[in-house]
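Beneath this line is the structure, given in structure tokens, with notes to follow.
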Amino acid sequence: MITNSPKQTQKIAELLVKTITKDSNNPNIFALQGDLGAGKTTFIQGIAKALKIKEKILSPTFVIMKKFPLDKKLPFSELYHFDCYRFDQPQEVLVLGFKEIINNPKNIVFIEWPEKIKTLIPKNAIWINFEVVGKNKRSITIKK
Ligand code: ADP
Ligand code: MG
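Position in the sequence shown (from 1) plus 1 gives the number in my numbering.
Structure below.
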């Protein structure tokens, strides 16, 4: 789908997360692929807003992983945001407890630059592709 503003991108994220968090059996690992500035972090900001996370979601240039506790009413207990841009080796993410995090069905996990750790992304992950189409236009494609 096409979005014409950061707000619209966040709205799409909001709609997606509302369906996911209906029940804990829904997919919980999302690989967000796309160039710098394509809207991956903006999308996660929309997710965070919908889940009433108060902390600001930043483009974590130096922070590789951030963990956000979720409202007790939700079927997931923690949201994790990974940004793998700076990794040279997929193994670098393992010291952060990546395996345990993705194997815990109570977590909901968003990964920017998943291609950097491609061999470690589980098969059940949902891949979402972001593309710059114009100044404020982005194309978002949900793959499986
Ligand atoms: P990424 O995490 O993919 O590097 P960011 O979300 O950090 O990208 O940055 C996207 C940039 O593009 C932001 O400055 C945002 O304001 C801008 N932008 C313009 N139009 C859109 C849109 N339709 N969707 C998302 N971001 C947009
Ligand atoms: Mg980003």
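Even for Gly, the Cβ is constructed at its ideal location relative to N, Cα and C. Values in this document were obtained by computation on a predicted structure and should not be read as measured data.
| Item | Value |
| --- | --- |
| With respect to the alpha helix (DSSP H) encompassing residue 1, which residues constitute its N-terminal and C-terminal limits? | A question about residue 1 goes unanswered here, because the residues of the chain that appear run from 2 up to 145. |
| Using C-beta distances below 8 Å, list every residue in its chain close to residue 72, excluding the 5 sequence neighbours before and after it, in chain order. | 52, 53 |
| Residue range of the alpha helix (DSSP H) that residue 104 falls in? | 99 to 104 |
| Thinking just about the alpha-carbon of each residue, which of 133, 17, 134, 6 is nearest to the one in residue 143? | 17 |
| Where residue 79 and residue 25 are concerned, what is the direct C-alpha to C-alpha distance, given to the nearest angstrom? | 12 Å |
| Since residue 113 contacts residue 86 with CB under 8 Å, what's their CB separation in whole angstroms? | 7 Å |
| Going by DSSP in three states, residue 111 sits in which element: helix, strand or coil? | strand |
| Rank 7, 90, 123 by C-alpha distance to the C-alpha of residue 105 and give the top, closest one. | 123 |
| What would DSSP say about residue 56, mapped onto helix, strand or coil? | coil |
| Between residue 5 and ligand 1, is there a pair consisting of the residue's CB and a ligand heavy atom that are separated by less than 7 Å? | yes |
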